[in-house]
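Remarks on the structure that follows.
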Amino acid sequence: MTTHTGLAPSTRVYTADASLIPVGDVKVGDMLLCRGGIPKKVGSVTRANVLCCRRTLRSMHKRTEYTGITMPSIVCGIDTVFAFGTSQVVKNYIKQKVNYKPTPKRMVVITVMRDYVRTDGSTVSLPYNMSKQFDLEATEEEVSAYIERTTVPDIKWHVWKGTQKDHAMVKGDAKISTRRMTTKVRIHRPFFRQWLEDRFAGYGFGSIDDDKVKAMAWMTGFWLGDGFRKGPYFALHSEDHDVNNHLKRAAKLWRMEYVFQKLPGSPYQAMCRLDYYPLGEIKKTMRKDTILIRVLCELGFYSNGEMNGPKGGPLFMATDELDVIIHCLCGLIDSDGTTAIYDNVRRIKLVTIYPPIRDLIIALGQNLGVSVTSTFEPAHITSQGAQSHDTWIIHMFAGQSEAMFEMILANLACDRKRDPPVRMSRRYRVQIGLILDDDDFDDPIEIRPRRVRRRRIVLPHLRQYLGQNLKIEINMLYGIIRVVDHARWYYHGRKHARWYYHGRKHSRWYYHGRKLARWYYKGRKHSRWYYKGRKHSRWYYNGCKAYRVCSLAPSVLME
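Heads up: the sequence shown at position 99 corresponds to 99 in UniProt numbering, and the numbers run straight through without jumps.
Written out as structure tokens, the structure is:
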């Protein structure tokens with residue numbers, strides 16, 4: 001099969017200095033950025049006249065399609081060979097009906113590679129979802145042995161090469177889980193270090209070494225998160241000694257004095273300011289003349305370039321050298337970020353109300369090669385109060401850059417964020433494979449017909465996994481087992497719950513009467529929480545005392 005691998009003349013490529021030029025203007029001897037951001041010299045240029053097509057990465061996310069973000073579109077030859085990746089899917093479930101007959105079977109679906117024959121007689125290896133049926137009596141050892149025999153160990157993707165016509169031959173779910181593999185090109189335009197050396201040449205700092213560059217990059221990111229617009233002030237947590245000491249050491253490298261002060265009203269609220277003393281003087285400078293404020297004003301961290309102005313996000317930080325990018329992002333995470341493990345996936349979460357800072361965070365993560373997602377949350381009223389600003393929630397995942405994600409976590413100043421804790425997601429179904437014995441119960445549970453029999457038991461091993469306040473409620477009539485942790489909305493009984501404090505009519509949501517409350521607008525049955533009746537609402541499913549918790553099938557815990 002004859003193929004032509006190339007790009008249309010209008011396609012732009014990166015040169016060694018990270019500038020974009022049309023591929024038609026590339027000449028022999030030019031330096032282009034290649035895999036990993038390494039510049040290489042062009043040895044030869046081949047041109048051909050072929051039939052072209054446009055390849056666009058589609059998305060089911062309407063907002064992504066509207067803005068065009070993360071949807072690269074290129075023009076190439078119709079026979080251009082691409083590298084595709086299909087995720088190796090393993091499904092193990094019970095199908096209730098097989099061939100329209102009520103005969104339950106255990107189904108195992110695995111993504112495998114299979115050879116196909118093209119119209120010209122050549123062969124190509126394409127992904128295919130292969131399914132196999134097992135009887136319900138089949139043991140777990142048989143199913144596990146089949147899965148281990150069929151899957152390819154230690155891979156996440158089946159990588160294969162093919163043309164547009166080959167991609168069209170992939171059918172079903174295998175096509176949905178197929179993506180075009182791309183090459184990571186990291187762009188670096190070193191500017192921050194040289195600017196610091198030129199700007200503060202006469203300040204007696206000598207050569208600007210790596211420690212000073214990292215410290216200033218971290219302080220700029222930390223100021224974007226927890227800094228005051230009025231000057232070199234930071235909002236701190238008085239018990240975060242690791243972060244506070246890191247800020248103190250970073251300020252000391254730039255001859256700034258760290259002044260810590262606790263705030264009245266709370267044992268944890270604190271702030272600090274950074275005072276700068278010129279070399280050989282005992283009198284500190286004005287706030288606007290400190291080293292940090294000059295960096296923030298002159299490099300665009302203030303949008304208008306003046307102190308007290310709105311915060312900005314200079315995008316040149318995302319294309320600087322690697323140490324600058326990482327430490328600027330670490331400063332943002334140490335101030336406004338959190339790290340956690342949900343469903344065995346490590347993630348970093350950042351929240352901001354400033355669009356320039358949002359763009360900077362996304363650019364920093366994308367240039368480092370980690371997976372970045374952004375979610376918009378409009379201003380609304382939450383259970384904690386009114387959220388008066390539009391908010392952007394940004395998540396970062398390791399993706400295919402595990403080493404880079406580890407480097408980000410390793411450079412964090414906060415110890416608890418450096419080691420992400422394991423959390424439970426809201427949709428988590430507590431799949432921990434526990435089997436309850438008779439010894440786990442205080443006394444045997446008695447099943448009485450026509451009566452709801454509830455018991456609350458305390459399991460030590462479950463407490464160690466899910467928390468100290470864990471309890472399990474067993475509803476023998478409905479066949480439901482629920483994990484309860486003194487449910488948030490009904491702590492110590494309904495009348496003492498948060499929303500019913502001091503009586504129902506005096507609670508927050510019932511101010512000025514029940515029918516005028518937010519959740520009861522246009523009557524109770526039409527309200528948000530009571531749609532289709534009270535018992536079918538989100539918080540009252542299966543009765544008032546069945547809290548919003550994770551449900552477990554009785555067969556999982558009581559075999």
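Even for Gly, the Cβ is constructed at its ideal location relative to N, Cα and C.
Neighbour-count burial assignment, residue i, 16 or more Cβ in a 10 Å radius
i, result
"M169", "exposed"
"F358", "The sequence shown places Arg at residue 358, rather than the Phe named in the question. Classification of R358: buried, given that the 10 Å Cβ count is 16 or more."
"V45", "exposed"
"K161", "exposed"
"A174", "buried"
"L51", "exposed"
"I94", "exposed"
"P232", "buried"
"D442", "Below a pLDDT of 50, predicted positions are generally treated as unreliable, and D442, at 40, falls in that range; the measurement from the model is reported next regardless. Classification for D442: exposed."
"K262", "exposed"
"H389", "exposed"
"A379", "exposed"
Length of the line joining the Cα atoms of residue i and residue j
i, j, result
"Q164", "L196", "50 Å"
"R193", "T220", "14 Å"
"P39", "V23", "15 Å"
"V117", "H167", "13 Å"
"T339", "F397", "10 Å"
"P127", "G399", "21 Å"
"N367", "Y276", "34 Å"
"K27", "A8", "15 Å"
"E321", "W157", "31 Å"
"T382", "P190", "43 Å"
"R416", "I341", "12 Å"
"G77", "R35", "22 Å"
"G337", "E239", "17 Å"
"L129", "G385", "Rather than Leu, the amino acid found at residue 129 in this sequence is Asn. Whole-angstrom Cα-Cα distance: 48 Å."
"H241", "D30", "51 Å"
"Q88", "V112", "7 Å"
Residue i: first and last residue of the uninterrupted alpha helix (DSSP H) it sits in
i, result
"D359", "P355 to L368"
"E140", "E140 to T150"
"A174", "G172 to I176"
"I291", "I291 to E298"
Where residue i sits in the DSSP three-state scheme
i, result
"M216", "helix"
"Q88", "coil"
"V28", "coil"
"Y203", "helix"
"R35", "helix"
"R273", "strand"
"F260", "strand"
"C414", "coil"
"L20", "strand"
"H389", "coil"
"K165", "helix"
"V13", "strand"
"A340", "strand"
"E281", "coil"
"residue 567", "Any property of residue 567 remains undetermined from this structure, which presents the chain solely from 1 to 559."
"R186", "coil"
"S266", "coil"
"M396", "strand"
"F316", "helix"
"K288", "helix"
"V324", "helix"
"I333", "helix"
Option nearest residue i by Cα separation, candidates the options
i, options, result
"C53", "G6, G121 and I94", "G6"
"A217", "S266, W160, G204 and A251", "A251"
"V109", "S144, N99, T123 and L299", "S144"
"Y403", "C414, K417 and S371", "It is worth fixing the name first, because residue 403 is Ala in this sequence and not Tyr. Of the listed residues, the one whose Cα sits closest to A403 is S371."
"residue 564", "L360, K349, V295 and G85", "Lying outside 1 to 559, the shown extent of the chain, residue 564 is not represented and no answer is given."
"L332", "I21, Y268 and I394", "I394"
"K132", "D115, T119, F316 and K105", "K105"
Host beta strand (DSSP E) of residue i (start-end)
i, result
"A251", "It is not in any beta strand (DSSP E) - A251 instead sits in the alpha helix (DSSP H) that spans H241 to L253."
"I110", "K105 to V117"
"Q133", "T123 to F134"
"Y233", "Y233 to H237"
"G77", "S73 to G77"
"F301", "Looking at the DSSP string, F301 is not in any beta strand (DSSP E), and its letter there is neither H nor E."
"S401", "Looking at the DSSP string, S401 is not in any beta strand (DSSP E), and its letter there is neither H nor E."
"R229", "Per DSSP, R229 belongs to no beta strand (DSSP E) and is neither H nor E."
"F376", "S371 to E377"
"T382", "H380 to T382"
"L350", "V345 to T352"
"T56", "C52 to T56"
Residue-chain proximity (residue i, chain B), Cβ-Cβ < 8 Å
i, result
"S131", "Included in the structure is just one protein chain, with no chain B present."
Proximity test, residue i beta-carbon vs the ligand NAP heavy atom, cut-off 7 Å
i, result
"D115", "In the structure shown, the ligand NAP is absent, as is every other ligand, since no ligand is present at all."
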